[in-house]
Each structure stands twice: as C-alpha cells, then as structure tokens.
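Mapping of the sequence shown onto UniProt numbering: position 100 corresponds to residue 100, and the numbering continues sequentially without gaps.
Every residue gets a Cβ at the ideal spot worked out from N, C-alpha and C, and that includes glycine.
All values reported here derive from a predicted model rather than from experimental measurement.
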Amino acid sequence: MHTSTRFSAPRRDDDIAGIALAAVLQFPVDRVREPQTELELVRPIPFHALCEWHLIPFHGAVHIGYLPGCLPGEKPVKQAEFARIVKACSTGIQTQQRMTTRIGLWLHHQLAPRGVGVLVEGGYACETACAPAHSSAHPAGPTSTLAFYGSLRHSVERQREFLTRTSQELNRIGVQ
C-alpha cells in the first residue's frame, strides 16, 4: 500500500537555520587550522649558569615569545617544557650570548614555530667582584641579549611587539 506524504513549505526561519546548521556540520573544522597570528608570550623562566670568563655564577630570567606553527593536531607547549629547555641550555660554563642563541635555535628547529624571540636578562656576580675597588660606578643592572628566528627575525613590528609585551609583563609582576 502506497501512502503519499504531504510536504508543507517550511517557514523562512526554519529554512535559514537548517542551511546554517548543515553548513556547520559539513565543514571539516578539525582538519583546517588557521595560522595563529597572536604572539604567545611565556612567563619569565629563571636560570643559573657560570660565566665562562670569570667562573663566577650569573643568573637571571629568560623571556620567550613565539608564533605557533600551523600543523594539524599541534598542541601548545607547556611552561614546564620551556623551563626544561632553558635549564638544559643554561647548564655549564658559558656566555650569556651563546646561551641565548642555543635556546633560540633549539626552539626554532625542534618546535618549528613560525617565529621565535628570546630575551635573556642576566645579573653577573663578576661585575661587582671584578670591578676596580676605586670605581664609584654603580652596577649597570642586568645585561640583556636577544635572538630572533623565523618570521620574528625579519619583522621589526613583531620584534617591537615582543619587547613591549615582555616589558609590560615585567611591570605587571613587579620586576624593574
């Protein structure tokens, strides 16, 4: 036995909602990832190392900013992972400049971000211990070294954004 089905014209609101819902359900959201344009800033990471020239400890903080890559399924890097990277790169006798470069290159090659910036601020015990006794100069404060890789290396605007946001973060947490 054949029964006929009777269709009525859908209301306009139902029609629009149906089209929108169908479009959302058919779009493969999990397979397409827009490249993130926002610079990710990592909280300052403390470090301790030995000065290559004087064999006296120096310490300070490492600031990292990066533009994540756009690989599907890529998970964000956690603060603890960045801390392990800094610890591994700051171990041993070295210079601050070399340490800054090592951290930046490791992040650039291993995490494959679109861009990375590293700012290392270090206070040296050798600045006060090795200063002439007759010198009336006050300690100059922390020594800063920078390294930029990927898209941050070629973009002055991104470099400025990294340095500005790092400065704002230091002011926010009360470090001068």
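Which of helix, strand or coil DSSP assigns to residue i
| i | result |
| --- | --- |
| L152 | coil |
| L39 | coil |
| R160 | helix |
| T95 | coil |
| E169 | helix |
| H108 | helix |
Residues near residue i by beta carbon distance below 8 Å, same chain, minus five either side
| i | result |
| --- | --- |
| H59 | P46, F47, H48, A49, G122, G123 |
| R153 | G115 |
| residue 177 | Past the boundaries of the shown model lies residue 177; the chain is included only from 1 to 176, so the question cannot be answered. |
Interface flag, residue i vs chain D, CB-CB below 7 Å
| i | result |
| --- | --- |
| I85 | Of the chains in the structure shown, none is chain D; there is only one protein chain. |
Boundaries (first-last residue) of the alpha helix (DSSP H) holding residue i
| i | result |
| --- | --- |
| A80 | 79–90 |
| L67 | That residue, L67, is in no alpha helix (DSSP H); its beta strand (DSSP E) goes 57–67. |
Proximity of residue i and residue j at Cβ, strictly below 7 Å
| i | j | result |
| --- | --- | --- |
| V62 | V86 | yes |
| V42 | F82 | yes |
| E52 | T95 | yes |
6 Å Cβ shell around residue i - same chain, five flanking residues per side excluded
| i | result |
| --- | --- |
| T101 | A147 |
Sequence-distant residues of the same chain with beta carbon closer than 7 Å to residue i, five excluded per side
| i | result |
| --- | --- |
| F162 | L39, G65, G117, L152 |
| G69 | A112, P113, R114 |
Terminal residues of the beta strand (DSSP E) in which residue i lies
| i | result |
| --- | --- |
| E121 | 115–124 |
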